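*Asks:* The following block contains the structure, expressed as structure tokens.
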Amino acid sequence: MSCISSNRKPSLSQIATNDGHAENSPYFDGWKAYDSDPFDPTENPNGVIQMGLAEHQLCFDLVREWLVNNPEASICTEEGVDKFRSIAIFQDYHGLPEFRNAVAKFMGRVRGDKVRFEPDRIVMSGGATGAHELITFCLADPGDAFLVPTPYYPG
Numbered sequence: 057m058s059c060i061s062s063n064r065k066p067s068l069s070q071i072a073t074n075d076g077h078a079e080n081s082p083y084f085d086g087w088k089a090y091d092s093d094p095f096d097p098t099e100n101p102n103g104v105i106q107m108g109l110a111e112h113q114l115c116f117d118l119v120r121e122w123l124v125n126n127p128e129a130s131i132c133t134e135e136g137v138d139k140f141r142s143i144a145i146f147q148d149y150h151g152l153p154e155f156r157n158a159v160a161k162f163m164g165r166v167r168g169d170k171v172r173f174e175p176d177r178i179v180m181s182g183g184a185t186g187a188h189e190l191i192t193f194c195l196a197d198p199g200d201a202f203l204v205p206t207p208y209y210p211g
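The following block contains the structure:
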């Protein structure tokens with residue numbers, strides 16, 4: 057693992073710096089194929105069906121109908137029900153851009169507007185365990201170790 061010294065920046069792990077993640081990952085090859093040729097039962101029956109994510113896109117019409125018929129049980133209004141599809145599927149793995157923008161503005165206010173936070177440099181996590189794992193993969197290579205003082209979050 058790299059160390060921080062006074063005259064050089066810390067380096068990131070091989071996992072964080074390699075080109076085999078994000079849009080350059082083989083995982084995204086399938087997603088790109090789906091984006092360019094998506095399946096539709098009537099318009100494109102020979103198109104690609106995205107099987108790489110647990111997105112239940114085949115039932116959006118049923119969910120939309122339920123939201124329209126049960127607005128009191130939903131955070132969606134009739135006017136906003138068409139937006140459901142865009143937020144129900146997996147989002148940008150950095151986090152929703154609107155949320156990252158709001159966090160950046162909030163953090164700026166918390167710091168008395170003396171610091172500007174860049175939304176594109178904010179990465180959201182689904183919890184502390186995921187954030188710890190992400191940071192670990194970015195900072196350490198296989199075989200590296202961390203000293204963790206106690207008390208600590210065991211996630």
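Adding 56 to a residue's 1-based position in the sequence shown gives its number in this note's numbering. Positions of the beta carbon are idealized from the N, C-alpha and C atoms, including for glycine. Quick caveat: nothing in here was measured; it's all calculated off a predicted structure.
(1) What do you get for Arg177, buried or exposed, if any count of 16 or more other CB atoms within 10 angstroms of its CB means buried?
(2) What is the rounded straight-line gap between the Cα of Asp232 and the Cα of Asp75?
(3) From the DSSP output, which residues share a beta bridge with Asn100?
(4) Anyone know if the C-beta pair for Phe95 and Gly103 falls short of 9 Å?
(5) Is it buried or exposed for Arg172, if we count other Cβ within 10 angstroms and need 16 for buried?
(6) According to the Cβ coordinates, are Gly86 and Gln70 closer than 9 Å?
(7) State the DSSP-derived secondary structure class of Lys170, mapped to helix, strand or coil.
(8) Cutting at 7 Å between CB atoms, please list the residues of its own chain near Val159, excluding the five before and the five after it.
*Replies:* Reading off the structure:
(1) exposed
(2) Since the first and last residues shown for the chain are 57 and 211, residue 232 lies out of range.
(3) Asp96
(4) yes
(5) exposed
(6) no
(7) coil
(8) Ile178
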